[in-house]
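Chains as they are written, first to last, in our numbering: chain A, 1 to 305; chain B, 1001 to 1475.
Note that beta-carbon positions come from the ideal geometry of N, C-alpha and C, so glycine has one too.
A short write-up of the structure that comes next.
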Amino acid sequence: MLQTAPNPKKGVVSRLAQGPVYWIAPLILVLLVTFVYPTFEVIRYSFTDASLTGKDYSYTFSSFINILSDSQVYQTLWTTFVFVFFSVVGQTVLGLAIALAIVKGEELKLRGTVFVRVVTLLAWAIPGVIIGVIWKIFLNESESGILTSMLHAVGITNVTFLTSAGSALVCTIIANIWRGTAQSMILSYSGLKTISRDVLEAADIDGASSWQRLIHVTLPSISSVLSINVILNIINTFNTFDMVMSLTSGGPGNSTEVLALTAYNQIFVHMNLGSGSAYATILLLINGLMAALYFWFLRRSGEDA
Amino acid sequence: MKKTFSYALAAVMTLTLLLSGCGSSNKDNAAQNNTPANTSGSGANASNEDIIKKHPGGQMIISPQLIGYQEAEIEITWQPNPSQSLEATSPARVDYLTKKMKAWIEEHPNVKIKPISTSNNSTDNMAKLQLKLAEGTAPDVAAVDSFMMPSVAEYAQPLNDAMAAKGISIDDYFPFMLSTMQPDGEGGDILSDWYTTDVRALYYRKDLISAPPATVDELISTAKKLQEDNPGMTGLIYVAGRNEGAVNNHLGIYWSQGFPLLNDDNSIAFQDGEAKTAMLNFLSFFENTVKEGVTPQRVVEFDKESNMFGDLTTDKYGMFIASSSAVPQIKEIVGADTFEQKWGIAELPVIHAGDAASSSAGGWTNVVFATDKQKAELAADFVLSLYSDDAAAGEWCEIGGFLPTRRSVYDNTPAFAEDAYAKQFASYLDQAQSRPPVSEYTALSSELQVAIGEIVTGASTAEKALENIIKKVGK
């Protein structure tokens, strides 16, 4: 009986057909064009002196050297870290508090828990630029300003919001907390819903107070979700520039200028593509680090489960 | 793993090269862009005219997406200023433009205009336009901020013939516009048509102030007196938010001292000597108005002139600094009669008594980028017919609330010839300057905006802010 030799070409094709290559090829192509290529270009431009207006450029480290030797950059970095730290703390704590309230409301079969969820999510659905405009109107310091007139009505005058360096940063953080609380609430809520009722009932039987139950049972049970929540909040807040742009434009002075806004200004106001790309690359590195942490926590939470 | 990584890297590099290649080929295509009627030689004009007049059939469309007949053979891409296009929020502007476009298409039925929609952020739009120019994908004609025009001049096509055909003379324009419109000087190519302008002035309550202040010191003392005589009144407000207006609206105060912002080599001109003192005087204007209590710190909230207008309706403000475009806008809010009864205008104050006042003027230009001769001619004719020729300029500026850019339009248009404000603004335009059209100015302006914010909020003094600017921009 004759034996036919296996066709090596056919073997490769059929092996590929059995694997995931054909399925994920379109996705890889889309990712290459829409993500990898632009990222590669941003990093490449960061090592050039390219301008948005000129055609010619040369490769140089000058953008990074200029950034690192400019004292203003350290001020911007400090502002960015303050903005990110307090925004993330506020978003996470408030998101968790609202999620706890909703879960408790559901346990007690109270009406309106869905309404609370929807209202909280509304802030998430509004674009950052609009949020900036809304808060700008709200914090307007003229007599017709919403918050100002409310404070005047109760006898509080001469309060500054966006017109002094310190209060402008505080107001920007508050606006960002308002914006990001919804995402935290959703993640915390989903985490809380995974906690076994048996565990909570056992804690009740053991005589744990509400506070002890929160600290020793609830939070440890959702620690992985909270960690992921914090990291996503950090990434989102580091990338925030649209809201800051429409709320303060980075002012007064440089008091609310964050790293993402500096990158935007360098490219679109100063037309300095090289320098703006260098700022974007620094931001990318920070976000890359956060993303690595995110995946580490994700894997750890998978192992814990 | 190493092998997989190498393949992935190779794929990215190949894709990058391929995509970069696509960019280059676009450029080549743009350079070779020809219309069906792009012919040369004798007899071509008659034939071109026939093609342009050929009726393509169908229905004429005047919309933000298309102007003309869908089947027209010649297509011109046009990037207008959104607020001066069919996307404008003012019905009067849209009605005017629709009327003009309809008339133009009736004359040129085989030409369709494809407007390019952009955002209202002119800084973004100009940056993107420059990117398109560098890539070779620019529109055939575009509205360009007069301040940015020199940075696109290398791509601009001459408008000499088109302007001559419309009877528009370069000598009719205000002096400060000439270097932008005709970069090579008298006799050189006209590379842009400056079709709207504005100029900065001091607005004062003429029912409360008998003679407007001429110097900064007088301004502060007048504002103080106003506040004393009218409890609850704020003497002076201006734009101090982090935006170009904070600098541009007040530059005249610096220029009145006779010093430029930049030297010929584009280095900053006020690093030392008298020019440094002049810049310190300029920054001290902001410091002193706040310190003397005539201007509230709250002015850093105003990053646009229009942010002040709501407050101005309350009758609690004595003076403000704004551009000429504030007149029609405030008239619309408070009514023309009320505005004319209360508000007068004067030149920006000077630092030293006796110095000639100055002001910053801006506005928009139309620039043709089409390299195809016929398209360039048609594109130029289209925008000149909309905004600039004798049949358009007066009406357009009146409807849009702009100042005309040609002296004859002031004389020939009743709305300007009989308007006291327009006459005054026209006299300010004779002394006006435009901002240095170089990237160094943009960097300087950014630092000045930051400095003004810090000075007004008390985070810095004028002296410290000046040293900081020199340290940052002077290097």
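With a cutoff of 7 Å on beta-carbon distance, S184 of chain A and G128 of chain A are scored as not near each other.
Within 10 angstroms of the beta-carbon of T1442 of chain B lie 16 or more other beta-carbons, which makes it buried.
Q183 of chain A: not part of any beta strand (DSSP E); member of the alpha helix (DSSP H) spanning A165 to K193, first to last residue. At a cut-off of 7 Å, the C-beta of E1454 of chain B has a neighbouring C-beta in chain A. The contact set of L1131 of chain B on chain A, defined by CB atoms closer than 7 Å, consists of L52 in chain order. Annotated as distal: P252 of chain A and T1289 of chain B, with beta-carbon spacing of 7 Å or more. The shortest CA-to-CA distance from T172 of chain A to any of A:M290, A:L31, A:D242 and A:W23 is the one to A:D242. About 6 Å separates the Cβ atoms of L1403 of chain B and D1198 of chain B, confirming a contact at the 8 Å cut-off. The alpha helix (DSSP H) runs lying completely inside the segment 118 to 152 of chain A and spanning 4 residues or more are 128 to 138, given in chain order. In the same chain as N254 of chain A, and ignoring 5 residues on each side of it, the C-beta atoms closer than 8 Å to its own belong to Q72, Q75, T76 and T79, in chain order. Any Cβ of chain B closer than 7 Å to the Cβ of K55 of chain A would place that residue at the interface, and such an atom is present.
Sorting B:P1064, B:D1095 and B:V1111 by C-alpha distance to the C-alpha of P1056 of chain B places B:V1111 at the top. According to DSSP, M1319 of chain B shares a beta bridge with B:Y1204 and B:L1236.
For P1212 of chain B, same chain residues with a beta-carbon under 7 Å away, outside a window of 5 residues either side, are L1202, Y1204, G1344 and A1346 in chain order. Inter-residue distance for H1352 of chain B and A1465 of chain B is about 22 Å (C-alpha atoms, whole angstroms).
The straight-line gap separating the alpha-carbon atoms of S223 of chain A and S1325 of chain B is approximately 58 Å. Neighbours of N140 of chain A in chain B, taken as residues whose beta carbon is under 8 Å from its own, are E1301 in chain order. According to the DSSP assignment, A1143 of chain B belongs to no alpha helix (DSSP H) but to the beta strand (DSSP E) extending over V1141 to D1145. Per DSSP, the beta-bridge partners of M1060 of chain B are B:Y1069. In the three-state DSSP reduction, V1367 of chain B falls in the strand class (E or B). Within the segment 1237 to 1248 of chain B, those residues whose Cβ lies closer than 7 Å to any Cβ of chain A are, in chain order, G1241, R1242 and N1243.
Nearest Cα to A1103 of chain B within the set B:F1382, B:W1396, B:S1446 and B:I1209: B:F1382. Residues of chain A whose Cβ lies closer than 8 Å to the Cβ of Q1297 of chain B are, in chain order, T160, T163 and S164.
In the displayed model, V116 of chain A falls within a helix according to three-state DSSP. Out of B:G1232, B:F1339, B:D1389 and B:G1362, the CA that lies nearest to the CA of V1247 of chain B is found in B:G1362. If only uninterrupted alpha helix (DSSP H) runs of at least 4 residues are considered, those enclosed by the segment 1257 to 1313 of chain B are 1273 to 1291 and 1306 to 1312.
For P20 of chain A, no Cβ of chain B is located within less than 7 Å of the residue's own Cβ. Under the three-state reduction of DSSP output, I1168 of chain B falls in the coil class, being neither helix nor strand.
N1263 of chain B is classed as exposed because its beta carbon has fewer than 16 other beta carbons within 10 Å across all chains shown. Under DSSP, the beta-bridge partners assigned to I1345 of chain B are B:Y1203. Contact of G1310 of chain B with chain A by beta-carbon distance below 8 Å involves S142 and S144. Taking I1452 of chain B as the centre and dropping the five residues before and after it, the same chain places the C-beta of A1240, A1246 and F1286 closer than 6 Å to its C-beta, in chain order. The straight-line gap separating the alpha-carbon atoms of S188 of chain A and Y1195 of chain B is approximately 57 Å. Separation of P26 of chain A and R299 of chain A (C-alpha to C-alpha, rounded to the nearest whole angstrom) is 26 Å. A distance below 7 Å between beta-carbons, with the five flanking residues on each side excluded, links P1080 of chain B to the following residues of its chain, in chain order: P1115 and A1143. Taking a C-beta distance under 7 Å as the contact criterion, Q1227 of chain B and T163 of chain A do not qualify as a contact pair.
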